[in-house]
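Take a look at the structure set out below.
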Amino acid sequence: MMEISGQLKTTCFFNQRCRCKTSNKTYVEVDCSQVKLRDILYLPRNVSSVDLSNNYIHKIPEHNFNDNDILTEINLSLNRIHSLNKEMFYGMKSVLKIKMNNNIISKTTKDVFLYLQTLSYLDVKRNNISWSNHNVTFLQSLLTLKIDFNAFHENLPEMPHLETLDVSGSSGQCYIHTVKPDTFRSVPKIHELDISACKVNYVYNGSFSFMRNLSMLDISLNTCLRFDGLERVTIDLPFTSIKILKFNKIHKTFQINTKTLRQHLSHLRSTKVEEIHGDSNRIQLIESGAVQQFPPSIRRLFVSDNEFSYGQYISECIFMRIEFINMSFLFSSRSNNEQEEKCKRTDKSCCNRVCEQFQAPDETISRFNTKWKFFPIPRNLKTALYKNCFLPYEIPQYTVSENIVKYIDLSHNIFYSWIGPLLTFNLLHFLDLSNNICSNVSKVFFKSFSNLTTLLIQNNLVGFVLPDDTEGEIMQHMPALQIINLAENRIPSLPYTFFKSQVNLVDIKLGINMMDDITFQINHMKQLSNLHISNNRISSLGANARSHLEKVYKVKNNVFIDISGNPLK
Numbered sequence: 366m367m368e369i370s371g372q373l374k375t376t377c378f379f380n381q382r383c384r385c386k387t388s389n390k391t392y393v394e395v396d397c398s399q400v401k402l403r404d405i406l407y408l409p410r411n412v413s414s415v416d417l418s419n420n421y422i423h424k425i426p427e428h429n430f431n432d433n434d435i436l437t438e439i440n441l442s443l444n445r446i447h448s449l450n451k452e453m454f455y456g457m458k459s460v461l462k463i464k465m466n467n468n469i470i471s472k473t474t475k476d477v478f479l480y481l482q483t484l485s486y487l488d489v490k491r492n493n494i495s496w497s498n499h500n501v502t503f504l505q506s507l508l509t510l511k512i513d514f515n516a517f518h519e520n521l522p523e524m525p526h527l528e529t530l531d532v533s534g535s536s537g538q539c540y541i542h543t544v545k546p547d548t549f550r551s552v553p554k555i556h557e558l559d560i561s562a563c564k565v566n567y568v569y570n571g572s573f574s575f576m577r578n579l580s581m582l583d584i585s586l587n588t589c590l591r592f593d594g595l596e597r598v599t600i601d602l603p604f605t606s607i608k609i610l611k612f613n614k615i616h617k618t619f620q621i622n623t624k625t626l627r628q629h630l631s632h633l634r635s636t637k638v639e640e641i642h643g644d645s646n647r648i649q650l651i652e653s654g655a656v657q658q659f660p661p662s663i664r665r666l667f668v669s670d671n672e673f674s675y676g677q678y679i680s681e682c683i684f685m686r687i688e689f690i691n692m693s694f695l696f697s698s699r700s701n702n703e704q705e706e707k708c709k710r711t712d713k714s715c716c717n718r719v720c721e722q723f724q725a726p727d728e729t730i731s732r733f734n735t736k737w738k739f740f741p742i743p744r745n746l747k748t749a750l751y752k753n754c755f756l757p758y759e760i761p762q763y764t765v766s767e768n769i770v771k772y773i774d775l776s777h778n779i780f781y782s783w784i785g786p787l788l789t790f791n792l793l794h795f796l797d798l799s800n801n802i803c804s805n806v807s808k809v810f811f812k813s814f815s816n817l818t819t820l821l822i823q824n825n826l827v828g829f830v831l832p833d834d835t836e837g838e839i840m841q842h843m844p845a846l847q848i849i850n851l852a853e854n855r856i857p858s859l860p861y862t863f864f865k866s867q868v869n870l871v872d873i874k875l876g877i878n879m880m881d882d883i884t885f886q887i888n889h890m891k892q893l894s895n896l897h898i899s900n901n902r903i904s905s906l907g908a909n910a911r912s913h914l915e916k917v918y919k920v921k922n923n924v925f926i927d928i929s930g931n932p933l934k
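Counting from 366, one number per residue, gives the positions in the sequence shown under this note's numbering.
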């Protein structure tokens with residue numbers, strides 16, 4: 366037996382190279398991926414799914430699956446199949462899902478799908494199939510279709526029941542220079558439409574308004590579209606059922622930084638959008654009132670990899686009803702060898718308006734640091750990600766608006782000094798301040814984190830200040846703490862009372878430091894399960910440390926201690 370992808374599988378009796386897993390005591394799931402097969406195997410009648418991906422199969426024998434009447438799923442992706450006809454699928458009475466992406470299919474018959482009466486999912490991306498001549502009226506049950514698409518050479522066939530259409534150029538080949546009202550008219554009941562990376566330059570009004578059921582639209586990676594193009598997309602959305610809108614990177618990487626205007630988002634106000642993705646758009650400025658154009662239904666906002674300057678929009682954010690925001694990777698560096706799309710339209714910067722003089726990011730950060738002492742937070746916000754922004758400044762005292770924030774990730778910045786306190790984060794459970802090159806922590810910084818259960822501050826320089834906290838004042842405000850990571854902090858030792866308030870600690874990570882003994886109190890930690898002190902300078906444990914560990918073990922006898930990588934005597 367062997368463990369594969371977390372599931373127990375055995376060698377199949379009909380082929381030693383394949384793995385089989387029995388489900389429901391009757392049906393067999395077969396995995397023959399990446400075993401250098403050149404031909405499709407004969408499969409027993411009780412096979413319910415088969416994975417034949419990543420092989421050298423060049424042909425599907427006609428009537429090969431005649432006896433497999435309970436087969437529901439077949440994966441033939443990443444092979445060398447070059448042609449298809451209807452007899453190859455004869456007998457597939459119960460097949461629901463077929464994947465044949467990444468082959469070399471160029472020849473198909475018009476009635477190729479005749480026998481696939483139950484098919485609901487079909488992926489044939491990265492082939493060379495023309496869809497204009499196909500009769501897909503047989504596929505009344507088809508709900509999800511993933512295909513290559515060139516709107517210049519072909520039209521989509523009529524698929525009145527289709528719910529998900531993926532023609533994205535990210536996973537296939539797509540060219541739709543202009544989206545017109547008739548481009549997707551053949552799929553009127555579509556729920557999810559992915560036209561990302563399709564080289565879209567222009568969108569006509571009315572291109573999406575007839576899609577009453579449309580709940581997810583992805584127009585990302587169409588770098589010639591820009592925000593004026595986004596405005597023409599959103600004008601149709603009030604007539605749809607849109608819930609998720611993705612417009613990541615609809616600006617070129619090396620264009621001038623952009624400004625989001627009220628008019629770009631104004632049509633969203635009349636929608637019920639819950640989730641918006643606007644990553645990698647070089648947004649630096651936001652017009653006053655633009656944030657207020659988000660509908661009351663908005664709950665999740667993704668705007669990472671932008672260039673935000675702080676301004677009036679921060680105070681406007683307090684009225685948003687978002688529960689999750691990701692503003693990570695600000696000011697990210699770009700690769701100079703990135704190939705940018707050539708636009709077949711006038712290449713104007715700053716959304717077809719005269720650009721204002723943008724303020725340098727470092728100056729803005731400095732002004733923000735000294736000017737703002739009250740920080741407005743959306744009232745319903747629960748999770749905030751602000752990592753990998755490399756912002757170089759200390760964290761002084763701030764008073765934040767009333768909030769219910771539970772999770773904050775500020776890792777991989779340069780918050781070099783934590784002064785605080787940050788008032789007030791009474792409901793915060795998770796805080797990540799790791800990888801910030803911090804060498805100073807005040808004794809009141811964590812003052813308002815009374816309900817914090819996880820604190821990650823690894824890979825800093827707090828070893829310069831923690832040994833001086835002889836009264837355990839830094840940690841005393843976090844009695845609920847269960848997990849703490851202090852690894853890689855150049856800590857030579859911790860005072861005996863450092864963790865005096867942490868009776869609920871379960872996991873302590875102190876690896877890769879400079880400690881030569883366990884000098885801090887642990888015998889009051891009745892829940893301690895994991896103590897990681899690997900890769901320090903411990904040659905032996907003192908009598909005090911051994912006594913504490915013994916007391917902990919008597920209360921909880923499954924304590925795990927990692928002391929590897931130390932020069933033990």
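Ideal placement from N, C-alpha and C gives every residue a C-beta, glycine not left out. All of these numbers come straight from a predicted model, not from anything done at the bench.
Within its chain, find whatever has a CB closer than 6 Å to the CB of residue i; leave out the 5 residues flanking it on each side and keep chain order.
| i | result |
| --- | --- |
| residue 406 | 380 |
| residue 782 | 759, 805 |
| residue 789 | 813 |
| residue 889 | 868 |
| residue 821 | 797, 799, 850 |
| residue 432 | 410 |
| residue 919 | none |
| residue 387 | 393 |
| residue 509 | 486, 529 |
Assuming residue i and residue j make a contact with CB atoms under 8 Å, what is their CB distance in whole Å?
| i | j | result |
| --- | --- | --- |
| residue 437 | residue 460 | 6 Å |
| residue 490 | residue 466 | 4 Å |
| residue 643 | residue 612 | 6 Å |
| residue 747 | residue 763 | With a Cβ gap of about 19 Å, residue 747 and residue 763 do not count as contacting. |
| residue 382 | residue 400 | 4 Å |
| residue 327 | residue 480 | No answer is possible for residue 327: the residues shown for the chain start at 366 and end at 934. |
| residue 561 | residue 580 | Not confirmed; about 16 Å, so no contact. |
| residue 665 | residue 640 | 4 Å |
For residue i, write down the residues that DSSP places opposite it in a beta bridge.
| i | result |
| --- | --- |
| residue 665 | 640, 689 |
| residue 849 | 820, 873 |
| residue 581 | 557, 609 |
| residue 783 | 760, 806 |
| residue 463 | 439, 487 |
| residue 650 | 624 |
| residue 707 | In the DSSP output, where bridge partners are listed per residue, residue 707 has none listed. |
| residue 380 | 377 |
| residue 926 | 896 |
| residue 530 | 510, 558 |
| residue 551 | Residue 551 is not bridged to any residue. |
| residue 387 | 393 |
| residue 568 | 544 |
| residue 918 | Answer is none; residue 918 lacks a bridge partner. |
| residue 598 | In the DSSP output, where bridge partners are listed per residue, residue 598 has none listed. |
Please return the same chain residues whose Cβ sits closer than 8 Å to the Cβ of residue i, not counting the five positions on each side in sequence.
| i | result |
| --- | --- |
| residue 549 | 521, 530, 555, 558, 572, 573, 576 |
| residue 450 | 427, 473, 474, 477 |
| residue 904 | 881, 931, 932, 933, 934 |
| residue 442 | 418, 419, 464, 465, 466, 467, 468, 488 |
Which term fits residue i, buried or exposed, when burial requires 16 or more other beta carbons within 10 angstroms of its beta carbon?
| i | result |
| --- | --- |
| residue 647 | buried |
| residue 934 | exposed |
| residue 440 | buried |
| residue 811 | buried |
| residue 505 | exposed |
| residue 908 | exposed |
| residue 565 | buried |
| residue 416 | buried |
| residue 616 | buried |
| residue 518 | exposed |
| residue 921 | exposed |
| residue 414 | buried |
| residue 719 | Interpretation of residue 719 is limited by its pLDDT of 39, a score under 50 that renders its predicted location unreliable; the figure taken from the coordinates is listed afterwards. Residue 719 should be labelled exposed. |
| residue 780 | buried |
Can you list, in chain order, the residues of its chain with a C-beta nearer than 7 Å to that of residue i? Leave out the 5 residues immediately preceding and following it.
| i | result |
| --- | --- |
| residue 715 | Reliability fails at residue 715, whose pLDDT of 44 lies under 50, so the model's placement of it is uncertain and the value that follows must be treated cautiously. If we look at residue 715 and ignore the five residues flanking it on each side, its Cβ neighbours are 621, 623, 624. |
| residue 708 | 566, 589 |
- Message: Between the stretch 581-593 and the stretch 547-554, can you find at least three pairs of beta-carbon atoms closer than 8 Å?
- Response: In the pairwise beta carbon analysis, the stretch 547-554 is classified as not touching the stretch 581-593: fewer than three pairs are separated by under 8 Å.
- Query: Are the stretch 528-544 and the stretch 681-690 touching by the rule of at least three beta carbon pairs closer than 8 Å?
  - Reply: No contact exists between the stretch 528-544 and the stretch 681-690.
- Query: With contact counted as at least three CB pairs below 8 Å, one residue from each stretch, are the stretch 789-802 and the stretch 761-775 in contact?
  - Reply: Contact holds: three or more Cβ-Cβ distances are below 8 Å.
- Message: Whether or not the stretch 599-606 and the stretch 615-633 are in contact is what I'm after, with contact meaning three or more pairs of Cβ atoms, one per stretch, closer than 8 Å; do they touch?
- Response: Contact between the stretch 615-633 and the stretch 599-606 is present, because at least three Cβ pairs lie under 8 Å.
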